[in-house]
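Before any comments, here is the structure.
Residue numbers (our numbering), protein chains in the order written: chain A, 1 to 253; chain B, 254 to 506; chain C, 507 to 759; chain D, 760 to 1012; chain E, 1013 to 1265; chain F, 1266 to 1518.
Structure (structure tokens):
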């Protein structure tokens, strides 16, 4: 079980990612059939915990989509758990320094690259236990969120930490940290300049960059800008806006 | 706690209903905020059981929306349970005869109108236990699905059963039963004629008629036709079609 | 694993029963330590389903208390499931005729006494599978609720059905059926006369009678009257009234 | 999504089935990887309810194994729910007469063959909604349990009901009904004679016969006898006997 | 959605708080109706996790009660999660130094006051996303537990950390730390002197002080002493003591 | 409620331990009946979270088996929670230094030995709250995993930390850390030499040593070597290998 997301990156293709905030394996299945390259269970801001994240990963395993988890925080306990449960990618919020990046790699990589503990109880179901170990350090995508001014200040040293595969921009928090309102699909020149700097430094090191978006239309512009992991869909937002729209049609009618 | 859905019907207004198929209280909350008059937890075809139905009703109770449950079948055990848990309306599938309509009323109404057992454990939280009993037979909406040729054949006798507040057309099953494909938002003249007959007979007896729809646009035409309970939104369909649409935008881009 | 509840009845002692309406194994444990003879998971009016009932029975198994389940209705599927999951007693609502009593016995007793299907998956954990079968028909308590005028009319024929161990009076529904308000701890002479008739006919046949009460004080009078299975505690009521009382102390203070 | 189990039957091959009694999607995944042709979630005697059955079916969907559910009883509500949730086979306990077989078919087949209500919410994820409907009546396996003397007496009329694909022998209950102990892997001549009669009558009508076994060794003899759906593994028994064995090794050592 | 708890404090009123230890949304609803000003889900010592905490907060949202969570520990991952899920107050155990108080504020406040990550997925349901952000730093109550001698030693520096709204005394742990038995409703002079010192220093800075109590009678004395957040009720204790009392009545009778 | 595991150690007997990876209370019950001295819920690599760990501990409480939890990481929040929920032993992964051992003891022991917060909500159900406190520091087994070269380097200082009752070897991670493949039941001389060194240093201090094994046969050799806590059974492995074996028998047949 190689990681198709990494194949895409090696081929220069952008990975289209969906976002699972609703803690329902059935909702996850509906999304998995839609053709995303990857689906991310959001354990940070989503209404998800470990049990629901596992259920979502089980439910999407029947479909050709890479299971990714955004962990709630840079804590080795939960990072190890989601990897053992089969996540092929980990997105970690608030990686603001090289030390934090190093801690993230330690939690995600087996020795000698890191200090992940061995026991891929569900992850190894889809391969042989031996083969999982043989390739996990290569296959698992480790993605650090760059979402503060501090992270931008430390960008190069963060990116220099061996074992980081990608960075992921959180436009809401990054804006907040820059004294702006929290929002997605941003257009402020200073923000876009920061994006370009992240892309440039990441590309230079063979690291991909990703970004969280509110709409596929904006996400397309980000792919053109150079991002290779773009989130374009959020189940909770879709449920809410669809409901609001349908009610509005009725109230007008 | 009178039932605002019944107030709407008394005032001649149509009730706009959403459909909860995903077993998530959080998803239900998102819908509850959108402005529906009612939300129905679908325990028949939805991925819902009693526990998830209760959780959904708890989650929407903070919003001015009437909790309705479509039960899996015309069985008194589960009907009593959802009413005790606070459903202010019950939609029952496949009511094909006066005897089945009578069984439905028996399960939903306290004596002497029916044989519902007393114990409104959660329903009474929102009122006094005594006041719930005093008005439950009046407030609870009992809605029988008319969705087979047999039901159409027995329509008058079904509608004559005291205690039925409404009928609800299931266009998929009704079509199937008429030898057509199962689908919603139908336009076949013989189907529309059946709808009109249901409306006519129901109106004659002060019973409202409702219908399951795929789109609010079609639902508006049904309101004009005379339906007073129209489902216009389904969370599962919304999650799926939104995802397919967003992926398509990306693949084209 | 003989059934201590039946031992008590054979010895002429009354069984003190608690009522589990809150679907929490932890809450059930708290009750199990209090010294009840039996605890009943209420799947009819309680916020309980099969999964929560199993969890409650697992949680109380460490304590010397007999696990009983009130099933939602006289349906063989759920009756078999709770027995297989370890219930040593079944209380069935709304047994209004000999035919319904016979159906209840069929669901609870192995052939040749009834038609229960063999597979005591959890029940047999606490004995040997072979020994469970050998004594289950003797050990399981089958208790029919007498809670309508119709049941009173059919009382003798219901009690004559072989395999019924006990009857249980639901004062709320019985009152409703007699044209009274639904309430517990009743004092109307015609109701008490009905209780006495149930006691007399049951005793005559070696069947015990039980009753649902709101307070232990009233329950004691029922024990004196002859009842041998008395419910005296309800977790939901206790949580609610305790909270109301404590808030009142504060508001006065 | 044709049903590989039916393909096997058409080709004369026996289907090797595993039995899921532990309500854990993770346990189900472990089994799904072992190479069974089918896995059956046992909602009758297993510690399973609808929610856990759905979770198990979601978890095994990534593997080439046919999802089957044994329902708790011959009740249309739960039968429709498990089919809508994706079961490709239904095993129904205690089908003792042609009328009960007819009710089972009604619950499992769309009109005009039966009266199943349309709404394959999860089942259709793995195909197009339209294509599911087109082939469901052909693809879904409807399997009636023959496990009482009464069923043997009515065998021919049960098998003559159109829409039954298979019968499944429950050796425990069948033995009980014949006045024997409940057990599996039976060797009594009168029981084996009954098996042969079932096989003969089923084969004559193009219906397959299946049987519940405790060991694969015995199951092989049943395949040779003519059974084409053989259960050979039970997760709960495996957990228990494995634990007992390992503890015994330690206590001896 | 301003925070009524903060309004009370501004008006000098004491907030009456209940404690949810049983992981049941239904139990929480029963409490919510009793008239508490606030209800706290105890994720530290209660049998609560994130999923049950969310369910409890959903269930009480229909009632005018402020949702508070005591987190298991001073860890940013879980603090962010409960705030995003709608907690309007956070009680954090074992804040023993200014550095720990600063970490707590960082986890609870958006920049520039702290480093909370933006994504109020459920919290924003009850307002507009924009309006939640605008007022969250003002509305969310951040409450540090003072429950060790070390915390008393560092009291002034802890209280000087900007962004702390309140302190909460844990009498059990505080006693333990002072070499006494762990208990509530304490009367030792040295303990009461410590309480008074906390009150004095907190008041001086416009910070409220709260305390955990076993009885409303004792809590009233604490209100008179100056505490403005008093816990007076615990669901688990209520279930247990009520059961013990009712059983005792029966055993005596 | 003294801890029988500690009694065994005082008597020089080895404790036979089973491993619960499948998040099912029912599976745990099956294991509990098999005669293990202890059962460990694996929250690190098992598919377990806090809620499932509590359910497993509730389910095994009816059997004479000591409940142990392997926590996901050396974090005080979760350690306190599992102890409050009734764990009588804690196994903590990756204790690599005296400081980490000290943190573990702080999380597990009440003052003055450590800094555990008082609130044994479920733990105290099985004794009196007062008696739990009186003996918890003595009864709870605190077990540090030695599973890296770094831990071996720091072995003596780790073992010198007051309050550590035992060490537990993780052969997979230890091997990894030594540049070997991750596996159990190891035979490499350098690994066995490390085991002996751990045993010698632990014994010298009255600390027991334990080890994770794949088979009881190997575990017996470890008991002879001096280990006094040996894991011999894993539910997930048992389910998987049993299924593979039974399918293989069928495919050969």
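A virtual CB, placed ideally from N, CA and C, is assigned to each residue, including glycine.
Just so you know, the alpha carbons of residue 794 of chain D and residue 867 of chain D end up roughly 27 Å apart. Checking the DSSP bridge columns, you'll see residue 19 of chain A partnered with A/40, A/234. Using beta-carbon distances, residue 726 of chain C does not count as an interface residue toward chain B, since no partner is under 8 Å. Restricting attention to beta strand (DSSP E) runs no shorter than 3 residues, the segment 1382 to 1418 of chain F encloses them at 1406 to 1411, ordered along the chain. For residue 1371 of chain F, there are no neighbours in chain E by C-beta distance under 8 Å, as the nearest C-beta there is about 11 Å away. Listed by position along chain A, the residues whose Cβ is nearer than 7 Å to that of residue 1312 of chain F are 54, 85, 121, 122. Per the coordinates, the alpha-carbon of residue 1196 of chain E lies some 55 Å from the alpha-carbon of residue 482 of chain B. The alpha-carbon separation between residue 117 of chain A and residue 586 of chain C amounts to approximately 44 Å. Within its own chain, the residues whose Cβ lies closer than 7 Å to the Cβ of residue 1084 of chain E, once the five positions on either side in sequence are excluded, are 1055, 1056, 1090, listed in chain order.
Distance from the Cα of residue 1400 of chain F is smallest, within the candidate group F/1278, F/1385, F/1408, for F/1385. In this chain, residue 161 of chain A is not harboured by any beta strand (DSSP E), its DSSP state being neither H nor E. Residue pairing by DSSP places residue 210 of chain A opposite A/168, A/229 in a beta bridge.
Distance from the CA atom of residue 260 of chain B to the CA atom of residue 679 of chain C, rounded to whole angstroms, is 29 Å. Contact between the segment 997 to 1008 of chain D and the segment 1460 to 1479 of chain F is absent: fewer than 3 CB-CB pairs across the two stretches fall below 8 Å.
Neighbourhood of residue 26 of chain A in chain D, by CB distance below 7 Å: 881, in chain order. Under the 8 Å criterion on CB atoms, residue 539 of chain C is classed as interfacial with respect to chain F. The Cβ atoms of residue 1104 of chain E and residue 1069 of chain E lie no closer than 8 Å to each other.
Within the same chain, and ignoring the five residues on either side of residue 472 of chain B in sequence, the residues whose Cβ sits closer than 6 Å to its Cβ are 466, 483, 485. Of the other Cβ atoms in all chains shown, fewer than 16 fall within 10 Å of the Cβ of residue 1377 of chain F; this residue is therefore exposed.
Taking all protein chains shown into account, residue 340 of chain B has 16 or more neighbouring C-beta atoms within 10 Å of its C-beta and is therefore buried. In summary, residue 964 of chain D is exposed, with fewer than 16 beta-carbon neighbours lying within 10 Å of its beta-carbon over all protein chains present. Taking a beta-carbon distance threshold of 8 Å, residue 535 of chain C counts as an interface residue toward chain F. Cβ neighbours of residue 1294 of chain F within its own chain (closer than 7 Å, five residues either side excluded): 1324, 1325. If you check each beta-carbon in the segment 164 to 198 of chain A against every beta-carbon of chain E, the ones closer than 8 Å belong to 170, 172, 173, 176, 177, 179, 181, 182. Bounds of any beta strand (DSSP E) do not take in residue 27 of chain A; it lies within the alpha helix (DSSP H) bounded by 25 to 32.
Between residue 1267 of chain F and the set F/1364, F/1332, F/1423, the nearest pair of CA atoms involves F/1332.
Within the DSSP bridge table, the entry for residue 826 of chain D names D/798 as partners. Across the structure, residue 658 of chain C and residue 714 of chain C are spaced so that their CA atoms are roughly 16 Å apart. For residue 1094 of chain E, the three-state secondary structure derived from DSSP is helix. Residue state for residue 938 of chain D is assigned as coil, using DSSP reduced to three classes.
For the options B/400, B/274, B/348, the alpha carbon positioned closest to that of residue 448 of chain B is the one of B/400. In the structure shown, residue 47 of chain A falls within a coil segment according to DSSP collapsed to helix, strand and coil. If you draw a straight line from the Cα of residue 961 of chain D to the Cα of residue 1354 of chain F, it is about 57 Å long. Between the C-alpha atoms of residue 958 of chain D and residue 928 of chain D there is a straight-line separation of about 10 Å. Note on residue 780 of chain D: 16 or more other CB atoms within 10 angstroms of its CB, so buried under the neighbour-count rule.
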